[in-house]
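Below: one structure, written as structure tokens.
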Amino acid sequence: MPIASKEVVIRNKLGLHARPAMQFVDLANRFSSKVRVLARGENPVEADGKSVMQMITLAAVEGTPMRIEADGADADAAVTELAALIDAKFGED
Amino acid sequence: MKFSEFIVRDAIVSALAADERDSVIRELVQALAAQGAVPRALVEEIVRAVIDREKNGSTGFGKGVAVPHVKHARIKKMVGTIGRSVGGIDFNALDHQPVYSVVLLLSPDNQPKQHLEAMNVVFSHLQRDTFRRFLRQAATPQAIGDLLDEADQGK
């Protein structure tokens with residue numbers, strides 16, 4: 001199975017709060033690949049990209065570097081689209 | 001961040017009288033107001049804001065828990081409380097199951113980091129099966145408070 005990954009940085013002012021976390025998980029669930037997210041803030045943590053609760057526990061503030069990893073048939077498309085969602089600041093400021 | 005930094009102990013409701021989402025939110029905001037943690041004059045405005053946020057996407061993330069919350073300009077200090085429902089509440093949860101434990105969090109609108117840290121504490125513990133089970137079983141505000149203390153102490 002293909003594995004893909006992409007480095008991104010949280011850009012919206014409010015960080016990865018509940019609504020963006022849900023947007024991320026909704027998008028991640030459209031892919032069959034497993035999705036894992038690593039937040040490389042003060043305390044590096046990882047989350048299942050398909051779990052809202054785990055994504056919220058990343059507590060990723062603006063400026064947090066993240067690594068999105070996908071493992072599965074659509075891994076490339078998954079990391080590309082998920083990174084684009086973060087780059088687009090989840091539609092926020 | 002610890003629960004003790006934002007959960008108002010005396011506003012914990014161990015047996016919610018309300019049994020539907022909007023009235024549960026009102027009951028919890030009123031419990032905070034009764035302890036002086038939210039100005040009484042603000043109650044309806046905050047209740048509306050929390051409900052509006054909820055309509056935007058349910059905070060019933062599954063497994064019988066919901067975390068309604070809002071960032072609001074007129075909240076000066078982050079506060080929260082916990083409500084327990086014996087019969088379960090329809091919170092329009094993602095897994096379509098009733099909600100038994102509700103954590104309400106009210107944050108100032110200009111401190112995103114603090115808000116994320118509080119959500120981190122709440123969800124780190126809510127993800128644990130044993131914490132959810134004990135929270136659902138805790139029959140008094142004291143028992144819920146003790147559970148939060150233990151969580152804060154890393155037990």
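These protein sequence lines are chains A and B, in that order.
Using my numbering, the first residue of the first sequence is number 1, and each one after it goes up by one.
Using my numbering, the first residue of the second sequence is number 1, and each one after it goes up by one.
Ideal Cβ placement from N, Cα and C applies to all residues, glycine included.
Check whether the Cβ of residue 18 of chain A sits closer than 6 Å to any heavy atom of the ligand SAM, and report yes or no.
For the structure depicted, the ligand SAM is absent and the ligand set is empty, with no information on it obtainable.
Exposure of residue 125 of chain B, with buried meaning 16 or more beta-carbon neighbours within 10 Å:
buried
Return the Cβ separation of residue 28 of chain A and residue 41 of chain A in integer angstroms, given the expectation that the two are a contact with Cβ distance under 8 Å.
Not quite, the Cβ-Cβ distance comes to about 20 Å (not below 8 Å), so this is no contact.
Cβ neighbour criterion (16 or more within 10 Å) applied to residue 59 of chain B
buried
Starting from residue 83 of chain A, trace the beta strand (DSSP E) in both directions and tell me its first and last residue.
Element bounds for residue 83 of chain A: not the beta strand (DSSP E) but the alpha helix (DSSP H), 75-87.
Which first and last residues belong to the beta strand (DSSP E) in which residue 70 of chain B is found?
In the DSSP assignment, residue 70 of chain B falls within the unbroken beta strand (DSSP E) covering 69-72.
Give the interface partners of residue 117 of chain B over in chain A, defined as CB-CB distance under 7 Å, in chain order.
59
Assumed close pair residue 138 of chain B, residue 86 of chain B - CB separation to whole angstroms, cut-off 8 Å:
About 11 Å; that fails the 8 Å criterion.
Answer with yes or no whether the minimum CB distance from residue 53 of chain A to chain B is below 7 Å.
Cβ-Cβ to chain B under 7 Å: yes for residue 53 of chain A.
How would you write the range of the beta strand (DSSP E) that residue 66 of chain A sits in, first residue to last?
65-71
Can you pull the chain A residues whose beta carbon is under 8 Å from the beta carbon of residue 55 of chain B, in chain order?
The contacting residues do not exist; residue 55 of chain B stays about 12 Å from chain A at best.
Using a Cβ cut-off of 7 Å, pull out every chain B residue sitting near residue 13 of chain A, in sequence order please.
112
Please list the residues of the stretch 17-29 of chain A that have a C-beta atom closer than 7 Å to any C-beta atom in chain B, keeping them in chain order.
17, 18, 19 and 22
Using a C-beta cutoff of 7 Å, does residue 120 of chain B count as contacting chain A?
yes
I'd like to know if the stretch 61-72 of chain B and the stretch 98-118 of chain B are in contact, where contact means that at least 3 CB-CB pairs between them fall below 8 Å.
yes
Separation of residue 88 of chain A from residue 141 of chain B, as counted between CA atoms:
43 Å
Check the C-beta distance from residue 16 of chain A over to residue 60 of chain A and give it rounded, since I have them as a contact under 8 Å.
4 Å
Using CA atoms only, rank isn't needed, just tell me which of B/93, B/10 and B/150 is closest to residue 134 of chain B.
B/150
Taking the Cβ atom as the reference point for each residue, do residue 30 of chain B and residue 10 of chain B lie within a distance shorter than 7 Å?
Going by C-beta atoms, residue 30 of chain B is not nearer than 7 Å to residue 10 of chain B.
What does residue 59 of chain B reach in chain A if we use C-beta pairs closer than 8 Å?
18
Please tell me whether residue 52 of chain A and residue 6 of chain A are closer than 7 Å, where the distance is taken between their beta carbons.
no
For residue 80 of chain B and residue 38 of chain B, I'd like the C-alpha separation in whole angstroms.
10 Å
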